[in-house]
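Read through the structure below, which is laid out as structure tokens, and then see the notes.
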Amino acid sequence: MTVAALHRALAALDLPTGLGWAVSGPVDDLGALFPEERAAVARAIPSRQAEFAGGRLAARRAMAALGLPPCAVPAGPDRAPRWPEGVVGSITHDGGLCLAIVGRSEAWQAIGIDLERDADLPPEITAEIATEAELSALAPLSRGRAAARVFSAKEAAYKAQYPLTRCLFGFDAMTAHLPDGGMRMCADTGLGRGAALPMQQHLVAGRVLSLCLMPRPAVHG
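Heads up, the sequence shown is in my numbering, so the first residue is 37 and it goes up one at a time.
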């Protein structure tokens, strides 16, 4: 898939209002980065540097779509993006494609996204990612293809909750309910056992796009 094809596919989706998004390819010129961003990948291999720079370019374009000025999105010690004050967002990379989605924190509590090839995962890792119930719920997909869908959804949900909790956990801490569009914590960690994380999953030109978009609860006076 090309950057242009992913852009067209995203433009056709009915994404919620109040989100900014942008797509980029890898960027070989580290001069496009802010100094604090360059520091995060100074010792990385060139392909990782280009992927990182492409993700940051997409992030700035996504923020510009919301009328926000260009600014740095450095990486923290945990490698997670550090968004500017008032912004929440997520960046994902796959096969030369970089995608960023952002929102204003006054409207969005958290955002997590993941982009993966819609292809079978190896059988030896399927059991680490998904339960039999999670796989069966996606029948008639093959086990490997269903595992890829569950993997992408759990990655997006994990990325959404992490800035809120700073908790690390494995795939077995969440249960996917993909036919119903949801994810639920099943371990007493992160957002807590039973916490629901909304999930959208779209097929876009041979890729699985998973979106965990958590709006900020309305305040009633």
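Note that beta-carbon positions come from the ideal geometry of N, C-alpha and C, so glycine has one too.
Nearest-angstrom Cα separation, counted from residue j out to residue i
i, j, result
"ARG252", "ALA143", "5 Å"
"THR162", "MET221", "19 Å"
"ALA173", "LEU214", "8 Å"
"THR53", "VAL124", "15 Å"
"VAL77", "ASP114", "13 Å"
Short Cβ contact (8 Å threshold) for residue i with residue j
i, j, result
"ARG92", "GLU73", "yes"
"ARG185", "VAL244", "yes"
"SER188", "ASP150", "yes"
"GLY226", "CYS203", "yes"
Sequence-distant residues of the same chain with beta carbon closer than 6 Å to residue i, five excluded per side
i, result
"CYS248", "GLY148, ALA192, ALA193, ALA196, LEU233 and MET235"
"GLN145", "MET250 and ARG252"
"PRO82", "none"
Cβ-based neighbour list, residue i, same chain, cut-off 7 Å, excluding 5 preceding and 5 following
i, result
"LEU102", "GLY56, VAL138 and ARG140"
"ALA58", "ALA94, ARG97, ALA98, ALA101 and ALA136"
"GLY112", "ARG118"
Boundaries (first-last residue) of the beta strand (DSSP E) holding residue i
i, result
"LEU200", "Premise fails: LEU200 lies in the alpha helix (DSSP H), 179-201, not in any beta strand (DSSP E)."
"ARG118", "Counting along the chain, ARG118 falls outside any beta strand (DSSP E), and DSSP gives it neither H nor E."
"PRO71", "It is not in any beta strand (DSSP E) - PRO71 instead sits in the alpha helix (DSSP H) that spans 71-76."
Residue i: first and last residue of the uninterrupted alpha helix (DSSP H) it sits in
i, result
"THR211", "No alpha helix (DSSP H) holds THR211; the beta strand (DSSP E) holding it covers 210-213."
"THR162", "159-165"
"GLY90", "82-101"
Proximal residues to residue i (C-beta, below 8 Å), its chain only, five neighbours per side dropped
i, result
"ALA80", "PHE88"
"ALA86", "PRO62, VAL63 and ASP64"
"LYS190", "ILE165, PHE207, MET210, ALA212 and MET219"
"CYS107", "PHE70, ARG96, MET99 and PRO120"
Which residues DSSP lists as bridging residue i, in chain order
i, result
"THR38", "None; THR38 has no bridge partner."
"HIS129", "CYS134"
"GLY56", "VAL138"
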